[in-house]
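A.B. asks: Structure provided below as structure tokens; questions to follow.
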Amino acid sequence: MGDERTPLALYLNTHSTGRLAFLCCMLLCLCRLTTCKTMCPSGCSCHDDTLRVTCIDANLEVVPIQFNPYIEYIDLCNNRIHSVDYTIQNYHKLKHLDLSRNKIHSLRPHNFELQERLTVLNISYNHITSLSKSTFKGLKSLQVLDISNNRIEVIHSGAFKETSDLMVLDLSYNKIMSFIDDHIFNNLRKIRIVSLQGNQILEVPSEIFNHIPSSSLEVVRLQENLIEELHERSFSSSVFSCLKTLNLASNVIRTIHRSTFSGLHSLVYLDLSDNNLTFIPTEQLSKLSQLTELDLSTNMVHEIKPVAFRSLFHLKVLRLSYMQYLSKIDSRAFVDNIRLETVIMDNNPNLKSIPTRIFHGNHHLLHVSVRGNSLSTLDSSHFPLDRLKSLDLSSNPLICNCSLLWLWDLVQQEFRKSFSTVNPVNETFLLPEESQRLRLHLRNLKCDEPETLTNVLLLDVPESNVRCETTWLTVAIVTGFVLTLFVITCILLLLINNDVSVLNCKKSKDTLESTVGESRHLASNIHGNNGPPPILMLMPGKDSTHADIADLSYLEPWVPVKTLDMERLSVGSNARKSPHIVYV
1 MGDERTPLAL YLNTHSTGRL AFLCCMLLCL CRLTTCKTMC PSGCSCHDDT LRVTCIDANL
61 EVVPIQFNPY IEYIDLCNNR IHSVDYTIQN YHKLKHLDLS RNKIHSLRPH NFELQERLTV
121 LNISYNHITS LSKSTFKGLK SLQVLDISNN RIEVIHSGAF KETSDLMVLD LSYNKIMSFI
181 DDHIFNNLRK IRIVSLQGNQ ILEVPSEIFN HIPSSSLEVV RLQENLIEEL HERSFSSSVF
241 SCLKTLNLAS NVIRTIHRST FSGLHSLVYL DLSDNNLTFI PTEQLSKLSQ LTELDLSTNM
301 VHEIKPVAFR SLFHLKVLRL SYMQYLSKID SRAFVDNIRL ETVIMDNNPN LKSIPTRIFH
361 GNHHLLHVSV RGNSLSTLDS SHFPLDRLKS LDLSSNPLIC NCSLLWLWDL VQQEFRKSFS
421 TVNPVNETFL LPEESQRLRL HLRNLKCDEP ETLTNVLLLD VPESNVRCET TWLTVAIVTG
481 FVLTLFVITC ILLLLINNDV SVLNCKKSKD TLESTVGESR HLASNIHGNN GPPPILMLMP
541 GKDSTHADIA DLSYLEPWVP VKTLDMERLS VGSNARKSPH IVYV
């Protein structure tokens with residue numbers, strides 16, 4: 001019997017390699033035509049209807065090449081992939097690629113050269129140490145690039161040359177100290193968000209921002225670096241004119257130049273928390289006329305002075321927490337902040353008091369938190385209770401006496417009203433009335449004194465401990481004390497008056513004796529020591545009236561002239577002459 005097999009069959013029978021290649025080609029063609037679902041790797045979820053593949057925690061070591069070539073979304077997060085060399089190029093229509101939390105050490109040039117439609121690339125949490133000139137070549141549509149949490153130290157010139165549509169760049173938590181090329185962002189015409197937090201940057205890299213070709217930049221994150229000083233030109237470029245968010249938290253900033261923020265006309269959020277500031281930078285902050293949220297927590301500020309936040313008329317949220325040295329807040333600290341809505345001053349261990357009515361000029365205030373301070377007593381005048389929506393006074397060493405009656409009454413009355421709808425062990429419940437305007441935090445709202453009430457919730461304090469009733473005994477004691485104080489005061493006044501009178505009498509006596517001595521000495525000089533005592537006579541002037549003469553009396557020789565009540569003779573007229581004294 002002759003061989004009836006076709007030439008193709010004969011070829012495959014004699015060439016095993018050719019047979020295998022043929023079968024692979026046929027299988028690949030079949031998969032392309034039918035979008036075969038049987039090629040989805042174990043541990044992956046493939047959805048050809050939505051063109052999405054998810055292979056999270058699939059224990060993959062390479063990027064699979066058997067996915068639908070028209071796939072648009074691939075998530076390979078948390079695998080053991082070491083390289084992406086030549087494994088991505090088959091997916092020309094890919095728009096979203098997540099390679100985060102793998103073991104990739106490097107990105108070779110031209111890895112993404114054919115992914116012109118890719119808009120989101122996440123390579124965070126890998127072991128990449130540098131970015132070369134051609135790393136992102138071909139990514140002309142890329143909008144979001146996340147390379148955070150790697151080991152990047154160097155970014156070579158031209159690394160972002162072809163990513164002109166990039167809007168979000170995350171380089172946070174790497175080992176960047178500085179940038180070797182000031183023009184590294186030259187082609188980022190649409191960049192809006194740049195994240196550089198968690199690196200080792202020593203000063204604001206203003207040079208790389210200055211060369212951005214447009215003012216599209218809205219968010220800059222520089223927290224958790226080693227920046228010590230903000231210079232005059234740190235943010236002076238016009239590229240910052242539209243900046244809305246600036247985060248400088250967790251650096252070592254000690255000084256801020258008075259003109260540092262002068263060019264940030266659109267800034268609405270500023271975080272300077274966890275730095276080494278020793279005072280509120282009032283003058284520097286006053287340039288931020290549009291600022292709505294400010295965080296100065298965890299600094300070494302001792303005092304908040306009057307008008308500390310001058311010209312911040314649009315400020316709505318203010319955080320002043322974890323200031324271990326803060327001990328004084330002036331009652332006029334917030335007078336310029338007329339739109340203030342939220343104030344958070346938590347965990348300031350040396351803050352023992354706050355001024356009364358400190359918030360009453362802030363008519364838009366809705367939320368106040370002063371938890372974890374050292375406030376022992378509080379007055380209702382501290383807070384505009386009629387306007388607040390939430391109030392947190394917990395974790396303060398409160399002295400539970402009648403000074404807290406207002407708070408105790410508020411808690412008790414509204415707790416009774418809300419008992420049917422609120423669990424008493426919850427952290428908060430709603431106050432007052434049906435509008436639920438005030439949300440009062442109850443957990444850790446405890447007494448510290450007196451000793452019998454230590455660690456007792458204010459909600460559980462007996463009424464007798466906070467209500468100071470006025471009894472007849474109290475009235476009698478107070479009245480007796482006041483009367484006793486009055487009598488003692490009167491006695492002291494009398495004793496003081498007597499001492500003054502005695503002093504005056506003694507002084508008059510001394511004056512009289514001195515005058516008599518002078519008169520006798522004068523007489524002895526005129527008549528000698530052996531002659532009779534002289535007679536002292538007062539002779540009126542020639543122009544004196546008879547009435548004046550009639551009033552004169554002759555005196556005994558030992559009575560001094562100075563004691564005569566004769567002032568009226570010399571006061572009546574300036575022209576009247578003094579009496580003429582004659583010794584006989």
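Start counting the sequence shown at 1; every next residue gets the next number (the UniProt record's numbering).
Glycine is no exception: its CB is placed at the ideal position from the N, C-alpha and C atoms.
(1) Expressed to the nearest angstrom, what Euclidean distance is found between the alpha-carbon atoms of Asn126 and Asn247?
(2) In the DSSP output, what is Asp330 paired with across the bridge?
(3) Please confirm if the segment 136-144 is in contact with the segment 111-120, defined as three or more CB-CB distances below 8 Å between the two stretches.
(4) Indicate whether Leu277 and Asp295 have their beta-carbon atoms separated by less than 9 Å.
(5) Check the DSSP bridge columns for residue 599 and list the partner residues they point to.
(6) In the structure shown, what three-state DSSP assignment does Thr245 receive?
(7) To which residues does DSSP link Leu391 through a beta bridge?
(8) In whole angstroms, give me the CA-to-CA distance for Phe179 and Gly158.
(9) Let's see if you can read the secondary structure: which residues bound the alpha helix (DSSP H) around Ile208?
(10) Asn275: beta carbon under 8 Å from a heavy atom of the ligand SAM?
(11) Looking only at its chain, what residues have a beta carbon closer than 6 Å to the beta carbon of Glu207, apart from the 5 residues adjacent to it on each side?
(12) Kindly indicate which three-state DSSP category Thr563 falls into: helix, strand or coil?
(13) By DSSP's criteria, Glu303 is part of a beta bridge. Which residues make up the other side?
(14) By the 10 Å Cβ neighbour count, where 16 or more other Cβ atoms means buried, how is Pro281 classified, buried or exposed?
(15) On the DSSP letters alone, give me the boundaries of the alpha helix (DSSP H) that Glu283 sits inside.
(16) Report the option in Ser215, Ser374, Cys468, Glu229 whose CA atom is closest to the CA atom of Ser321.
(17) By a C-beta neighbour count over all protein chains shown, 10 Å radius and 16 as the cutoff for buried, is residue 636 buried or exposed?
(18) With distance defined between alpha-carbon atoms, name the residue in Ile227, Ser241, Leu202 nearest to Asn210.
(19) Excluding sequence positions up to five away, which residues of its chain have a Cβ less than 8 Å from the Cβ of Met177?
(20) Assuming Ile74 contacts Leu94 under a Cβ cut-off of 8 Å, what Cβ separation, rounded to an integer in Å, is found between them?
(21) Is Thr342 closer than 9 Å to Leu318 when the C-beta atoms are compared?
(22) According to DSSP, is Asp57 helix, strand or coil?
(23) Residues in its own chain within less than 6 Å of residue 587 by CB, not counting five upstream and five downstream?
(24) Please identify the residue among Val370, Phe334, Pro349 whose C-alpha is closest to the C-alpha of Phe359.
(25) Is DSSP giving Asp460 helix, strand or coil here?
(26) What would DSSP say about Arg221, mapped onto helix, strand or coil?
(27) Pick out whichever of Pro306, Met323, Asp330, Ile71 has its Cα sitting closest to the Cα of Asp49.
(28) Compare the Cα-Cα distances from Glu228 to each of Cys77, Pro205, Arg467 and report the closest residue.
(29) Can you name, in chain order, every residue of its own chain whose Cβ lies under 6 Å from the Cβ of Leu272, other than the five neighbours on each side?
(30) By a C-beta neighbour count over all protein chains shown, 10 Å radius and 16 as the cutoff for buried, is Leu351 buried or exposed?
(31) Would you decide whether Leu145 is buried or exposed? Buried here means 16 or more other CB atoms lie within 10 Å of its CB.
(32) Look at the alpha carbon of Leu457 and the alpha carbon of Glu451, and state the distance between them as a whole number of angstroms.
(33) Take His96 and list the residues in its own chain whose beta-carbon comes closer than 6 Å to its own, dropping the five residues that flank it on each side.
(34) Give every residue of the same chain whose Cβ lies closer than 8 Å to the Cβ of Leu315, excluding the five residues on either side of it in the sequence, and list them in chain order.
(35) The beta strand (DSSP E) spanning Leu97 covers which residue range?
(36) So, helix, strand or coil for Leu277, using DSSP?
C.D. replies: Answer, in terms of the structure:
(1) Position 126 of the sequence shown, counting from 1, holds the residue named residue 126. Position 247 of the sequence shown, counting from 1, holds the residue named residue 247. So the two alpha carbons sit approximately 25 Å from each other.
(2) To locate residue 330, count along the sequence shown from 1; it is residue 330. None, per the DSSP bridge assignment.
(3) With a cut-off of 8 Å, the segment 111-120 and the segment 136-144 count as touching, because enough Cβ pairs lie within range.
(4) Position 277 of the sequence shown, counting from 1, holds the residue named residue 277. Position 295 of the sequence shown, counting from 1, holds the residue named residue 295. Against a cut-off of 9 Å, the Cβ pair of Asp295 and Leu277 comes out as no contact.
(5) The structure shown does not extend to residue 599, since the chain is modelled only from 1 through 584, so no value can be given for it.
(6) Taking the sequence shown and counting its residues from 1, one reaches residue 245 at position 245. Strand.
(7) Stepping through the sequence shown from its first residue, residue 391 is reached at position 391. Looking at the DSSP output, Leu391 bridges to Val368, Leu440.
(8) Residue mapping note: residue 179 aligns to position 179 of the sequence shown, counting from 1. Residue mapping note: residue 158 aligns to position 158 of the sequence shown, counting from 1. Taking C-alpha positions only, Phe179 is separated from Gly158 by approximately 12 Å.
(9) Numbered from its first residue, the sequence shown carries residue 208 at position 208. 206-210 is the extent of the alpha helix (DSSP H) around Ile208.
(10) This structure lacks the ligand SAM, and indeed carries no ligand of any kind.
(11) Numbered from its first residue, the sequence shown carries residue 207 at position 207. Closer than 6 Å at Cβ, skipping near neighbours: Asp182.
(12) For the purposes of this step, residue 563 is taken as residue 563 along the sequence shown, with counting starting at 1. With a pLDDT of 45 at Thr563, under the threshold of 50, the modelled position of this residue cannot be trusted, and the question is left open.
(13) As a position in the sequence shown, residue 303 is number 303, starting the count at 1. Beta-bridge pairing links Glu303 to Lys328.
(14) In the sequence shown, counting from the first residue as 1, residue 281 sits at position 281. By the neighbour-count rule (16 or more Cβ atoms within 10 Å), Pro281 is buried.
(15) For the purposes of this step, residue 283 is identified with residue 283 of the sequence shown, where counting begins at 1. That run of the alpha helix (DSSP H) goes 282-285.
(16) The residue given as residue 321 occupies position 321 in the sequence shown. Considering only alpha carbons, the answer is Ser374.
(17) Nothing in the structure corresponds to residue 636, since the chain is present only between 1 and 584.
(18) The sequence position of residue 210 within the sequence shown is 210, counting from 1. Shortest Cα-Cα distance from Asn210 to any of Ile227, Ser241, Leu202 involves Ser241.
(19) Working through the sequence shown from its first residue, we reach residue 177 at position 177. Excluding positions up to five away in sequence, the list reads Glu153, Asn199, Gln200, Ile201, Leu202.
(20) Locating residue 74 in the sequence shown gives position 74, where the first residue counts as 1. Locating residue 94 in the sequence shown gives position 94, where the first residue counts as 1. Taking 8 Å as the upper bound for CB-CB distance, Ile74 and Leu94 are in contact here, some 6 Å apart.
(21) What you label residue 318 is simply residue 318 of the sequence shown in a count that begins at 1. What you label residue 342 is simply residue 342 of the sequence shown in a count that begins at 1. For Leu318 and Thr342, yes; Cβs fall inside 9 Å.
(22) To locate residue 57, count along the sequence shown from 1; it is residue 57. Coil at Asp57, not helix or strand.
(23) What is shown of the chain runs 1 to 584, which leaves residue 587 out entirely.
(24) Position 359 of the sequence shown, counted from the start, is the residue given in the question as residue 359. Distance from the Cα of Phe359 is smallest, within the candidate group Val370, Phe334, Pro349, for Phe334.
(25) Numbered from its first residue, the sequence shown carries residue 460 at position 460. Residue state, collapsed to three classes: helix.
(26) Position 221 of the sequence shown, counting from 1, holds the residue named residue 221. Arg221: strand per DSSP, three-state reduction.
(27) Position 49 of the sequence shown holds residue 49. Out of Pro306, Met323, Asp330, Ile71, Ile71 has the C-alpha closest to the C-alpha of Asp49.
(28) The residue labelled residue 228 in the question sits at position 228 within the sequence shown. The shortest C-alpha separation from Glu228 is found at Pro205.
(29) In the sequence shown, residue 272 corresponds to position 272, counting from 1. By the criterion of a C-beta distance shorter than 6 Å, Leu272 is surrounded in its chain by Leu248, Leu296, once the five residues flanking it on both sides are discounted.
(30) Counting from one through the sequence shown, the residue named residue 351 turns up at place 351. It is buried - the Cβ of Leu351 has at least 16 other Cβ atoms within 10 Å.
(31) Working through the sequence shown from its first residue, we reach residue 145 at position 145. Around the C-beta of Leu145, 16 or more other C-beta atoms lie within 10 Å, and the residue is accordingly described as buried.
(32) For the purposes of this step, residue 457 is taken as residue 457 along the sequence shown, with counting starting at 1. For the purposes of this step, residue 451 is taken as residue 451 along the sequence shown, with counting starting at 1. It is roughly 13 Å from the alpha-carbon of Leu457 to the alpha-carbon of Glu451.
(33) Mapped onto the sequence shown, residue 96 falls at position 96. Cβ within range, chain order: Tyr73, Val120.
(34) Taking the sequence shown and counting its residues from 1, one reaches residue 315 at position 315. Taken in chain order, the residues that qualify are Leu291, Thr292, Glu293, Leu294, Phe309, Asn337, Arg339, Leu340.
(35) Residue mapping note: residue 97 aligns to position 97 of the sequence shown, counting from 1. Annotation: the continuous beta strand (DSSP E) that includes Leu97 extends over 96-98.
(36) Residue mapping note: residue 277 aligns to position 277 of the sequence shown, counting from 1. Leu277: coil per DSSP, three-state reduction.
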